[in-house]
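One structure below.
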Amino acid sequence: MSKQMEGSELLIIYSFLFSSVITASSLDTIKLGQSIRDGETIVSAGKSFELGFFSPGKSTSRYLGIWYKKIAARPRTVAWVANRDAPLSDHSGVLNFSSQGNGILILLNSSNDIIWSSNASRNAQSPVAVLLESGNLVVIDGNDNNPDNFWWQSFDYPCDTLLPGMKFGINLVTGLNRFLSSWKSADDPAQGDFTYGIDPHGVPQLILRKGSTIQFRAGSWNGLHWTGVPQLQPNPVYTFEFVSNGNEVFYMYNISNNSVPSRMVINPLGVVQRFTWIERRQAWVMFSRFSGVTLDQCDNYALCGAYASCNINSNSPECECLEGFKPKSPVEWNMLDKSGGCIRRTPLDCERGDGFLKREAVKLPDTHYSWVDKNIGLLECKKLCSKNCSCTAYANSDVREGGSGCLLWFHDLIDMKELPESRQDIYVRMAASELDNIERKQSGIERRQPRKKQVIILITSILLATGVLVLGGIMYMRRKKHRNQGKANGLELDFNDKGSRKEEMELPIFNWTTIANATDNFSDENKLGEGGFGPVYKGMLIEGREIAVKRLSKSSGQGKEEFKNEVILIAKLQHRNLVKLVGCCIKRDERMLIYEYLPNKSLDYFIFDMTRRKLLDWSMRYRIIDGIARGLLYLHQDSRLRIIHRDLKASNVLLDKEMNPKISDFGLARTFGGDQIEANTDRVVGTYGYMSPEYAVDGLFSVKSDVFSFGVLILETVSGKRNRGFYHADHHHNLLGHAWRLWIEERPVELIDESLDGSCALPDAQRCIHVGLLCVQQRPEDRPNMSSVVLMLSGERALPQPKQPGFFTERNLPESESSSSKQMSSSTNEITFTLLEAR
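Numbering of the sequence shown is given in numbering that gives the first Met the number 0, commencing with residue 0 and proceeding in unit increments.
The following block contains the structure:
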């Protein structure tokens with residue numbers, strides 16, 4: 000045997016008429032070196048991996064699997080499951096060899112029914128099963144002098160985890176396809192919705208699917224990385240290998256230091272992440288994340304359709320037709336449905352000759368219908384594409400050493416994205432005349448127009464100007480009508496900016512009948528929830544647009560002023576992390592605000608629910624925290640008005656379909672002048688648990704009041720616990736007090752939500768707790784402003800030590816109340832309140 004198989008630390012399973020078996024058991028009490036007893040056996044690979052039976056999460060079903068041996072993470076980190084789709088219902092499972100001596104591992108249940116087998120394709124005279132240090136369970140012939148001649152190996156049948164040294168791809172001779180597939184949930188290792196693997200058609204590329212639908216395309220291999228994942232660069236931690244020939248197509252990675260455990264995992268939500276185990280921190284730390292629930296909306300497959308490129312440099316994805324192309328359906332394009340893509344302005348003319356336009360630094364299009372020749376250069380590649388009238392574009396297939404190889408496209412160019420980090424260029428086929436027009440525009444040279452054309456242009460310009468004037472008059476009359484309608488209903492949409500200027504707002508006012516029809520006459524089936532201002536309903540406008548309608552309650556006592564305030568403020572704000580106000584509706588004493596519909600409800604719907612919180616892994620929570628911070632920074636500093644929200648809380652953070660946060664509910668917001676620092680009010684409004692001390696006690700509010708609320712939100716998002724109503728057996732502090740005690744006792748990791756399991760990047764989580772405590776300090780002047788908070792969260796600034804938080808006093812609960820608090824539900828309702836104080 001090889002040195003890898005030598006040593007007493009490897010437990011080997013031999014096939015001698017079922018003489019050696021591994022039986023399901025309670026693994027927590029079994030130690031390496033114990034004798035093989037019925038019901039108590041683990042097979043170990045040195046210090047790295049173990050093979051045995053386990054129950055994942057809260058499940059009582061039993062599975063045969065391989066997990067990391069000496070990693071302290073709980074639950075255990077499972078790398079492979081044999082019977083993932085055929086669980087055992089009890090602890091009577093048995094693993095052994097077939098008595099026929101053909102090297103087949105068989106898993107039997109209590110009725111001796113085969114529920115899983117290794118299906119080895121060859122017969123062995125003396126089969127041996129060995130769990131290697133790499134985590135690979137292999138079957139070999141004990142009489143074979145070549146220990147690497149595996150008759151069967153678990154590495155050929157991956158589940159949700161790719162380990163170093165595993166081939167990830169397809170054997171084109173045998174048809175064996177090695178791909179990752181997600182678990183259904185943390186408690187169920189059965190194959191879930193997502194698969195991640197190499198598509199060999201055309202030029203091989205890495206693709207994530209949900210069912211049969213492509214969700215994300217990492218692209219083809221360009222010698223350094225997948226074209227759509229430029230951040231996956233050569234580094235001192237990982238080495239990458241990609242092989243594509245007539246026999247097989249596969250990707251493989253290894254780690255430079257074999258003593259550092261590493262794994263790539265696709266989780267039940269379709270997020271693909273690389274983790275390394277940091278012994279000092281006793282935690283899996285995320286090294287990278289590059290697919291699944293996409294990094295940004297431009298990663299959604301074919302978002303912009305054919306011959307268009309997606310740009311995420313702005314606050315939202317921007318689809319742009321490639322130069323020389325125009326929207327296929329201008330109407331749909333202008334309605335922001337750009338999935339139809341673009342078409343050529345000028346048809347190709349292959350016989351007379353076409354040209355090519357260089358497009359730099361992009362994610363190369365889908366290569367499903369492409370062809371590659373690794374042995375020719377870019378010049379020969381251009382000639383090949385020019386001669387073939389079906390060729391739509393060409394590029395180097397390898398970007399190393401200045402570029403080599405030839406990659407040709409023979410179909411529409413789909414799924415392109417601007418990648419500033421990429422060194423990849425593509426040359427798009429274009430009609431020669433169109434290419435000339437583009438070059439003239441780029442050089443700023445315009446040909447002199449004949450006199451006849453000049454006259455036509457002059458007449459056209461006059462007609463256009465006349466049309467603009469007529470259209471402007473119509474729009475003016477329409478706006479005037481809307482303003483008069485608003486005033487007739489008792490609503491004047493204006494505000495005083497710096498006390499000197501009155502500015503009227505232009506906001507669509509919807510007809511009552513339109514909103515009633517859209518919400519099915521405000522039916523209970525369409526009711527999304529209810530807050531301090533009244534109920535919120537889901538609606539569908541006649542053109543198919545989904546909306547959320549907030550119907551202000553007549554009994555809330557916070558009607559006309561808050562309604563007017565929200566209309567005035569939010570209509571002026573444009574940011575990806577602020578909810579968009581679509582319009583309003585007024586009928587006598589009825590007032591309604593119409594927002595964009597956000598399908599994932601609010602943040603509190605997830606983080607305070609024992610089941611739904613598991614859907615928010617750490618990367619999602621961190622993105623939500625960062626998004627809220629950037630939204631607040633815009634309100635405090637970057638918007639034309641300096642706005643204090645005054646009611647920031649988990650229920651006022653809504654989530655769109657990509658789980659991006661959007662701050663909502665500006666009914667209590669106030670504007671500040673450019674030099675104003677704080678203000679005083681005798682009308683204290685807000686929500687208990689989120690209000691800063693100086694505001695709750697003295698009515699003083701400033702940007703630091705919002706910072707305090709944001710700090711509470713950070714700690715709630717990290718912990719999954721509410722600040723108000725929080726209970727702990729050791730003390731009567733709220734969540735802020737609990738977090739402070741853990742901090743000063745150097746145990747902040749205990750605050751992290753247990754449901755995050757191994758998805759939590761521990762340094763990021765600890766930094767968030769640190770920033771949260773800085774934000775909730777007692778004195779406003781000690782709290783950072785939001786620009787500093789954003790830098791702190793990004794890791795670009797050293798953090799000072801926090802001081803004691805506000806409201807750090809133990810609650811004096813009676814014994815009966817204290818004991819009853821233990822049963823308190825985590826769904827404590829938090830209603831915005833108004834408190835009037837005489838001054």
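Where is the CB? At the ideal position from N, CA and C, for every residue including glycine.
Values in this document were obtained by computation on a predicted structure and should not be read as measured data.
- Your pair F409 and S389 checks out as a contact, with CB atoms roughly 5 Å apart and the cut at 8 Å.
- Considering only L653, N659 and M658, the residue with the shortest C-alpha distance to F665 is L653.
- Rounded to whole angstroms, the Cβ separation of I713 and C774 is 7 Å, and the two are in contact under 8 Å.
- According to the DSSP assignment, S701 belongs to no alpha helix (DSSP H) but to the beta strand (DSSP E) extending over L699 to S701.
- Between the segment 731 to 743 and the segment 582 to 598, the count of C-beta pairs closer than 8 Å stays below three; the two stretches do not touch.
- Looking at the DSSP output, N176 shares a beta bridge with I169.
- Between K362 and L302, the C-beta gap is not smaller than 8 Å, which leaves the two residues out of contact.
- Judged by pairs of C-beta atoms under 8 Å, the segment 190 to 204 does not touch the segment 232 to 240, as fewer than three such pairs exist.
- In the structure shown, C341 adopts extended strand secondary structure according to DSSP, grouped into three states.
- Taken through DSSP and simplified to helix, strand or coil, C309 comes out as strand.
- The three-state reading of DSSP puts K386 in helix, counting H, G and I together.
- A distance below 8 Å between beta-carbons, with the five flanking residues on each side excluded, links M474 to no residue of its chain.
- Under the DSSP assignment, R622 falls in the alpha helix (DSSP H) whose first and last residues are W617 to L632.
- The residue among A360, A464 and G736 with its C-alpha nearest the C-alpha of P229 is A360.
- Under the DSSP assignment, M263 falls in the beta strand (DSSP E) whose first and last residues are S261 to I265.
- In the structure shown, W182 falls within a strand segment according to DSSP collapsed to helix, strand and coil.
- If you check the CB distance, L162 and G134 come in under 8 Å.
- Here W511 is exposed: its Cβ has fewer than 16 other Cβ atoms, across all protein chains shown, within 10 Å.
- Setting aside the 5 residues that flank it on each side, S180 is surrounded in the same chain by Q190 and T194, each with a C-beta closer than 6 Å to its C-beta; the list follows chain order.
- Segment contact: the segment 596 to 607 against the segment 250 to 266, fewer than three CB-CB distances shorter than 8 Å; contact not assigned.
- Here L572 has S638 as same chain residues with Cβ atoms under 7 Å from its own Cβ, once five neighbours each way along the sequence are excluded.
- Rounded to whole angstroms, the separation of the alpha carbons of P199 and K440 is 41 Å.
- In this structure, the CA atom of W617 is about 6 Å from the CA atom of L755.
- For L94 and V80, the gap between their C-alpha atoms comes out near 13 Å.
- Between N784 and V711, the C-beta gap is not smaller than 8 Å, which leaves the two residues out of contact.
- Excluding five sequence positions before and after M658, the CB atoms of its chain that fall closer than 8 Å to its own CB belong to V292, N599, L615, M619, R622 and I623, given in chain order.
- The C-beta of P801 has 16 or more other C-beta atoms within 10 Å across all chains shown, which makes the residue buried.
- Collapsing the DSSP output to three states places Y195 in a strand.
- Rounded to whole angstroms, the Cβ separation of D397 and N221 is 6 Å, and the two are in contact under 8 Å.
- By alpha-carbon distance to T212, the top candidate from N299, N722 and P329 is N299.
- Going by DSSP, E247 is part of the beta strand (DSSP E) stretching over E247 to I254.
- Per DSSP, the beta-bridge partners of L130 are L136.
- Secondary structure note for Q765: its alpha helix (DSSP H) is the uninterrupted segment L761 to C774.
- When rounded, the separation of the alpha-carbon atoms in A515 and L761 is 49 Å.
- The DSSP assignment places 734 to 743 as complete runs of the alpha helix (DSSP H) inside the segment 718 to 756, in order along the chain (cut-off: 4 residues).
- Annotated three-state conformation of L347 is coil, per DSSP.
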